[in-house]
Each structure stands twice: as C-alpha cells, then as structure tokens.
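In my numbering, the protein residues as written are 30 to 429.
The beta-carbon is built from N, C-alpha and C at its ideal position, and this holds for glycine as well.
What follows is a set of notes on a single structure, which appears directly below.
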Amino acid sequence: MNTSHNITMLGTGLIGMFYTLTLHRYRSRDTVKTVFSRSEERVKKFASDWNIPKWTTNMEEAINDPDTDVVIIGIPNHLHKEAVLTAAKAKKAILCTKPLGRNAAEAKEMLEAVEKAGVFQAYLEDLVYTPKTLKSLESVKNGALGKVLWVRSRETHPGPHSAWFWDMDKAGGGAIIDMGCHCAEIVRNFIGKDVKPVEVMCWADTLVHNIDAEDHGIALIRFENGSMGQIEVSWAFRGGMDLRDEVAGTEGTIWMDHFLRTGFQMFTNVGQGGYVAEKAEGDTGWLYPVGDEVNELGYTHMFIDVFDAMDKGRIPMETFYDGYVVNAVIDACYKSSKSRVWEPVKLDIWRGGEHADKDKTGKELIDGKYTLVKKEKMPDGRTKQILKDVKSGEIIEKIK
Ligand SMILES: NC(=O)c1ccc[n+]([C@@H]2O[C@H](COP(=O)([O-])OP(=O)(O)OC[C@H]3O[C@@H](n4cnc5c(N)ncnc54)[C@H](O)[C@@H]3O)[C@@H](O)[C@H]2O)c1
C-alpha cells in the first residue's frame with residue numbers, strides 16, 4: 030500500500046528543521062501539515078518557510094489535529110513522555126527522536142503506552158542509517174568481519190546549541206545521555222541487537238563547563254557473548270563534530286569517519302558563502318564541509334525505512350523497544366560513573382536471545398596435539414606459528 034502521510038511536527042529547532050527538510054525534499058509525498066513550537070514568532074516563520082498550512086503553540090492541539098495521522102516528536106527530552114502518551118491516546122503513528130526517555134523508567138512507560146494503544150511506532154536513531162553504516166551492517170551480517178568482538182563509537186563536538194540540553198533535569202543528564210545514546214545504539218547494531226548488554230563501567234566528569242551535568246564520558250559496555258562496546262562523548266571537543274565508528278571482528282575491521290575527514294576538505298580565505306556543517310567552529314581557513322548533511326547523517330534512509338514500514342505493516346529498523354534498551358544502558362553508565370564499579374544493565378523487558386560467553390577460535394588440531402594461537406610471516410621470509418599444546422597448556426613456536 031503506497032499511502033501518503035500527513036504529519037504533525039513537534040518542534041521547530043535543529044531537529045525539527047532537519048526532519049522537515051528531509052521529508053519535504055525531492056517532492057516527498059509525506060508532508061508536515063501542522064507544526065508546534067513554544068514561540069509564536071518562530072512557529073509562524075517555520076510554517077511559512079516550509080509551506081506548512083497550520084501552526085500552533087499548543088502541543089495537544091497539534092497532536093490531535095484531525096488532518097494528521099503521524100506525530101513526529103522533536104522537542105526537548107523532558108517533553109517526550111507527555112507527547113508520546115498524548116499521541117498514543119490520539120491513536121496516531123508516533124516517531125520519537127533520541128533519547129526516547131530521560132531514563133529507562135520513562136522509556137518503559139512510553140513503550141508500554143504505544144504497545145497498549147497498538148499504534149505504529151519508531152525510534153528515530155538516524156546514526157544507524159548513514160549510508161556508510163547501512164553498508165557496514167550488511168557486510169557484518171554477511172560475515173565479512175567474522176564474530177564482532179569490539180565496537181568503538183565516538184561522538185564529540187563543542188557543546189549543544191540550546192539552554193535545555195545543559196539543564197540536567199530537562200535533559201536527563203549531560204553529554205552521555207545526549208550523545209552516548211547514539212553511540213550505544215550503533216554498538217548494539219554491530220554486536221547484534223539480539224545480544225544482551227549485561228554490564229557497564231563508566232567514567233564521567235565535568236572538565237570544562239560550569240554546569241552540573243558531565244561534559245565528558247567514556248563507557249565500556251560488556252555484552253553477554255563477551256563482545257565489548259566502547260563509547261566516547263565530549264561537549265568540549267574543538268574543531269567541529271567528530272563522528273567515528275570502529276568495528277573489530279575475528280575476520281575483519283571497519284573504520285568509519287562520518288563528518289570530519291570524510292575526504293572532502295576546502296581551504297577558503299574569505300568563506301564559502303553559506304552554512305558549513307553542524308557544529309563547525311569557523312567558516313574560513315581549512316574547512317570540512319559536508320556534501321549532503323541530512324543524507325550523510327542518516328535522516329534520508331531513516332525516513333524511507335520508517336514510512337515504508339508503516340505502509341507495509343512491518344517493524345522498522347529502530348523501535349521504542351530499542352530506545353528503552355539504550356536508556357537502560359545509559360542508566361547503568363550514570364550509576365557506574367558514581368559507584369566507580371561495573372554496574373549491571375537493568376532490563377525488566379528483554380526480547381533478545383541468550384548467548385554463551387566467549388567462543389574462542391583456533392580449535393582445529395595441528396600435528397594431533399596443538400591448536401593455533403597465531404601465524405605470522407616474518408621480515409626474513411620465515412613463517413612462524415605460535416601453538417598451544419592442548420594437553421599441557423604449553424605455548425611453543427614453530428618455523429614453517
Ligand atoms: N541526530 C538526532 O537525532 C538529534 C539531533 C539533535 C537533537 N535531537 C533531539 O531532538 C530533540 C530537540 O532537540 P533540538 O536540537 O531540536 O532542540 P532545539 O532547542 O533546537 O529546539 C527545541 C524545540 O522544542 C520547542 N519547545 C517546546 N517546549 C519547549 C521547552 N519547554 N523548552 C525548550 N524548547 C521547547 C522549541 O520551541 C523548539 O522548537 C531532543 O530530544 C534532542 O535530543 C536529535
């Protein structure tokens with residue numbers, strides 16, 4: 030069924046703009062018909078800029094607009110729950126930006142509400158939909174990397190653009206909830222969403238800004254099958270927005286640079302005459318422009334998947350359940366950063382599988398008594414084998 034959808038957009042800030050830009054470009058058939066924002070001046074201008082027939086400063090009115098069937102939530106984190114519960118009551122399809130909740134308890138309430146209402150729902154985690162990530166995920170699924178052992182995901186920039194992000198109560202935390210939620214879901218996608226994240230060790234600190242929330246964080250996430258996730262975030266990185274992912278498996282490696290060092294650099298003494306890229310720190314000198322930002326950040330493929338899923342009655346790549354698991358991981362990060370020990374990821378609802386801890390490779394017997402630890406060709410042309418005697422446990426080397 031190829032339907033077209035009429036959308037209520039909640040929010041006219043950075044994400045409301047990126048979402049609307051993605052949806053309205055290329056003559057999309059899914060268009061924003063009603064927009065809500067706090068300020069009348071801003072919402073009026075946004076409606077006029079994007080050719081949106083109705084605008085309001087009343088969120089409930091926007092959600093209940095009888096002419097729309099989809100609600101997209103792009104407002105600050107502390108308003109997600111209220112928006113989701115109101116939209117579920119209105120029986121609309123609900124697409125919510127990241128993070129789903131300020132914590133797992135909020136996310137769980139939202140998940141249960143949408144499932145009870147039986148409405149279509151999607152978690153708008155754009156960074157698992159970048160063209161590079163989609164291609165990498167497909168390769169991993171096809172076995173190109175063997176077993177994924179370690180995924181490192183990094184998001185750092187000089188700090189967010191609106192006051193509410195810096196307010197712990199409204200945001201639910203600092204850099205870790207804001208950006209670590211992207212990183213955690215990237216890690217889950219590569220290790221396998223079916224594999225349970227079991228525990229977290231996290232460092233968080235406020236190194237630069239005069240705020241209560243953390244502006245830096247690093248966390249290790251251990252999964253049930255022994256694989257590790259490593260997430261790194263900063264609100265004080267200089268030089269733009271650094272989005273990088275690394276995936277290491279038993280048979281291969283992937284490195285991805287999404288925003289800086291993408292192979293596109295420009296030097297200009299006078300400026301290129303427009304917007305450079307999100308969180309760029311200057312517009313002269315050496316620049317790292319981004320060719321098609323909404324595409325490279327995954328928004329295009331995200332909305333294609335989500336609306337296609339809605340029309341075909343299938344489940345999109347990212348759902349509220351994924352948002353809930355991510356919130357549970359982030360909760361464990363905050364707990365560990367205070368306790369300074371490994372903290373369990375508390376998941377009241379787990380819909381994945383069970384996986385045995387660690388599956389060591391190299392079990393084939395050599396000369397009837399050894400297993401191979403490692404083989405390497407040396408600079409002098411010899412090939413060395415490092416072998417383990419299965420009975421005695423002794424490690425020896427042999428030249429081949
Ligand atoms: N890549 C991504 O997926 C991505 C990127 C940026 C932001 N986000 C998420 O989108 C949401 C909005 O972020 P943003 O960057 O667009 O924020 P923003 O500050 O740029 O815009 C916030 C919007 O919400 C409206 N609003 C309504 N009530 C408000 C209130 N009480 N306080 C502040 N604003 C209020 C504002 O009028 C504005 O239209 C957040 O949940 C954020 O985490 C996601």
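- What are the boundary residues of the alpha helix (DSSP H) that includes Tyr-55? Taking the first residue of the sequence shown as 1, we reach residue 55 at position 26. From DSSP, Tyr-55 is part of no alpha helix (DSSP H); its letter is neither H nor E.
- With 16 as the cutoff for other CB atoms within 10 Å, does Lys-145 come out buried or exposed? Residue numbering aside, residue 145 sits at position 116 when the sequence shown is read from its first letter. So Lys-145 counts as exposed.
- Task: Give every residue of the same chain whose Cβ lies closer than 8 Å to the Cβ of Asp-286, excluding the five residues on either side of it in the sequence, and list them in chain order.
- Result: Against the sequence shown, residue 286 aligns to sequence position 257. Leu-272 and Arg-273, listed in sequence order.
- Considering Ala-213, what are the terminal residues of the alpha helix (DSSP H) in which it resides? Taking the sequence shown and counting its residues from 1, one reaches residue 213 at position 184. Counting along the chain, the alpha helix (DSSP H) containing Ala-213 begins and ends at 210-220.
- Item | In DSSP terms, what Pro-226 is bridged to | Looking up residue 226 in the sequence shown gives position 197. For Pro-226, which the question treats as bridged, DSSP gives the partners Phe-252.
- Message: Three or more C-beta pairs under 8 Å: does that hold for the segment 146-161 against the segment 107-124?
- Response: yes
- Item | Buried or exposed by the 16-neighbour rule on C-beta atoms within 10 Å, applied to Ile-344 | Your numbering for residue 344 matches position 315 in the sequence shown. Answer is exposed; the Cβ neighbour count stays below 16.
- Message: On a Cα-Cα basis, can you pick out the residue from Gly-203, Thr-313, Leu-249 and Tyr-317 that is closest to Asp-234?
- Response: For this step, residue 234 is matched to residue 205 along the sequence shown. Checking every option, the nearest Cα to that of Asp-234 belongs to Gly-203.
- Task: Using only the heavy atoms of ligand 1, determine whether one of them is closer than 7 Å to the beta carbon of Arg-71.
- Result: Here residue 71 refers to the residue found at position 42 of the sequence shown. Flag set: Cβ of Arg-71 near ligand 1.
- Query: Would a C-beta distance cut-off of 8 Å place Gly-209 and Ile-260 closer than the cut-off?
  - Reply: Stepping through the sequence shown from its first residue, residue 209 is reached at position 180. Stepping through the sequence shown from its first residue, residue 260 is reached at position 231. Closer than 8 Å, so yes.
- Is Asn-106 near ligand 1, with its Cβ less than 7 Å from a heavy atom? One-based indexing of the sequence shown puts residue 106 at position 77. Yes, ligand 1 has a heavy atom inside 7 Å of this Cβ.
- Query: Expressed to the nearest angstrom, what Euclidean distance is found between the alpha-carbon atoms of Val-237 and Cys-212?
  - Reply: The sequence position of residue 237 within the sequence shown is 208, counting from 1. The sequence position of residue 212 within the sequence shown is 183, counting from 1. In this structure, the straight-line span from the alpha carbon of Val-237 to that of Cys-212 is close to 22 Å.
- In whole angstroms, what separates the C-alpha of Tyr-55 from that of Leu-108? Indexing the sequence shown from 1 puts residue 55 at position 26. Indexing the sequence shown from 1 puts residue 108 at position 79. For Tyr-55 and Leu-108, the distance between alpha carbons rounds to 31 Å.
- Is the beta carbon of Leu-114 less than 8 Å from the beta carbon of Ala-134? Taking the first residue of the sequence shown as 1, we reach residue 114 at position 85. Taking the first residue of the sequence shown as 1, we reach residue 134 at position 105. Not in contact: Leu-114 and Ala-134 (Cβ atoms no closer than 8 Å).
- Assign Trp-195 to one of three DSSP states: helix, strand, or coil. The residue labelled residue 195 in the question sits at position 166 within the sequence shown. The answer is helix: DSSP assigns Trp-195 an H, G or I state.
- Please go through the same chain and pick out, in chain order, the residues whose beta-carbon is closer than 6 Å to the beta-carbon of Pro-226, but skip the five residues on each side of it. Here the question's residue 226 lines up with position 197 in the sequence shown. Correct list, in chain order: Ile-250, Phe-252, Val-358 and Val-374.
- Item | Alpha-carbon spacing of His-330 relative to Ser-182, whole angstroms | Position 301 of the sequence shown holds residue 330. Position 153 of the sequence shown holds residue 182. Each residue's Cα considered, the two are about 20 Å apart.
- Nearest residue (CA-CA) to Lys-127, options Ile-283, Ala-117 and Ile-101: The count along the sequence shown starts at 1 and reaches residue 127 at position 98. Looking at the Cα atoms, Ile-101 is the closest of the given residues.
- Task: Check whether the segment 322-339 touches the segment 177-196, counting contact only when three or more Cβ pairs, one atom from each stretch, lie closer than 8 Å.
- Result: no
- Item | Buried or exposed by the 16-neighbour rule on C-beta atoms within 10 Å, applied to His-245 | Here residue 245 refers to the residue found at position 216 when the sequence shown is read from its first residue. Under this definition His-245 is a buried residue.
- Item | Three-state secondary structure assigned by DSSP to Pro-160 | Counting from 1 along the sequence shown, the entry for residue 160 is found at position 131. Residue state, collapsed to three classes: helix.
- Item | CB of Ser-165 within 8 Å of CB of Val-319, strictly | Position 136 of the sequence shown, counting from 1, holds the residue named residue 165. Position 290 of the sequence shown, counting from 1, holds the residue named residue 319. Contact: no.
- Given Asp-396 as reference, the closest of Asp-418, Ala-385, Lys-222 and Glu-372 once Cα atoms are compared: In the sequence shown, counting from the first residue as 1, residue 396 sits at position 367. Measuring from the Cα of Asp-396, the nearest candidate turns out to be Asp-418.
- Task: Kindly examine ligand 3 and report whether one of its heavy atoms sits closer than 7 Å to the Cβ of Trp-264.
- Result: Annotation note on ligand 3: not contained in the displayed structure, which lists ligand 1 as its ligands.
- Task: Within the same chain, show all residues whose beta-carbon is closer than 6 Å to that of Leu-153, passing over the 5 residues directly before and after it, in chain order.
- Result: For the purposes of this step, residue 153 is identified with residue 124 of the sequence shown, where counting begins at 1. Closer than 6 Å at Cβ, skipping near neighbours: Leu-124 and Thr-126.
- Heavy atom of ligand 1 less than 7 Å from the Cβ of Gly-130, yes or no? Counted from its first residue, the sequence shown places residue 130 at position 101. Result no, Cβ not under 7 Å from ligand 1.
- Item | Whole-angstrom distance between Lys-392 and Leu-174, CA atom to CA atom | On the sequence shown, residue 174 is found 145 positions in, with the first residue counted as 1. On the sequence shown, residue 392 is found 363 positions in, with the first residue counted as 1. Rounded to whole angstroms, Leu-174 to Lys-392 spans 19 Å at the Cα level.
- Item | Classification of Trp-315 by the beta-carbon crowding that lies within 10 angstroms, buried from 16 upward | To locate residue 315, count along the sequence shown from 1; it is residue 286. By the 10 Å Cβ count, Trp-315 comes out exposed.
- Message: Whole angstroms are fine: how far does the CA of Pro-408 sit from the CA of Gly-45?
- Response: Residue numbering aside, residue 45 sits at position 16 when the sequence shown is read from its first letter. Residue numbering aside, residue 408 sits at position 379 when the sequence shown is read from its first letter. Distance between the alpha carbons of Gly-45 and Pro-408 is about 57 Å.
- Task: Note down, one range per segment and in chain order, each beta strand (DSSP E) of at least 3 residues found wholly within the segment 268-328.
- Result: Along the segment 268-328, the beta strand (DSSP E) occurs as fully enclosed runs of 3 or more residues at 271-278, 282-286, 295-297 and 314-316, listed in sequence order.
- Task: Find out if the Cβ-Cβ distance for the pair Cys-231, Ala-248 is shorter than 8 Å.
- Result: Locating residue 231 in the sequence shown gives position 202, where the first residue counts as 1. Locating residue 248 in the sequence shown gives position 219, where the first residue counts as 1. A distance below 8 Å separates the beta carbons of Cys-231 and Ala-248.
- Query: Looking at Arg-267 and ligand 1, is the gap between the Cβ and the nearest heavy atom below 7 Å?
  - Reply: Within the sequence shown, numbered from 1, the residue matching residue 267 stands at position 238. No, the beta carbon of Arg-267 sits no closer than 7 Å to any heavy atom of ligand 1.
- Item | Selection from Ala-385, Gly-269 and Val-72 that minimises the alpha carbon distance to Leu-289 | What you label residue 289 is simply residue 260 of the sequence shown in a count that begins at 1. Nearest to Leu-289 by alpha-carbon distance, out of Ala-385, Gly-269 and Val-72, is Gly-269.
- Where does Thr-348 sit, in a helix, a strand or coil, going by DSSP? Within the sequence shown, the letter at position 319 stands for residue 348. Shown here, Thr-348 sits in coil according to DSSP, grouped into three states, outside any helix or strand.
- Item | Neighbourhood of Lys-429 by C-beta distance below 7 Å, restricted to the same chain and skipping five residues each side | Counting from one through the sequence shown, the residue named residue 429 turns up at place 400. So the list reads Thr-412 and Gln-414, once near-sequence residues are dropped.
- Task: Could you say which of Leu-140, Leu-178, Pro-105 and Pro-160 lies nearest to Pro-189 if we only look at CA atoms?
- Result: In the sequence shown, residue 189 corresponds to position 160, counting from 1. It is Pro-105 whose Cα lies nearest to the Cα of Pro-189.
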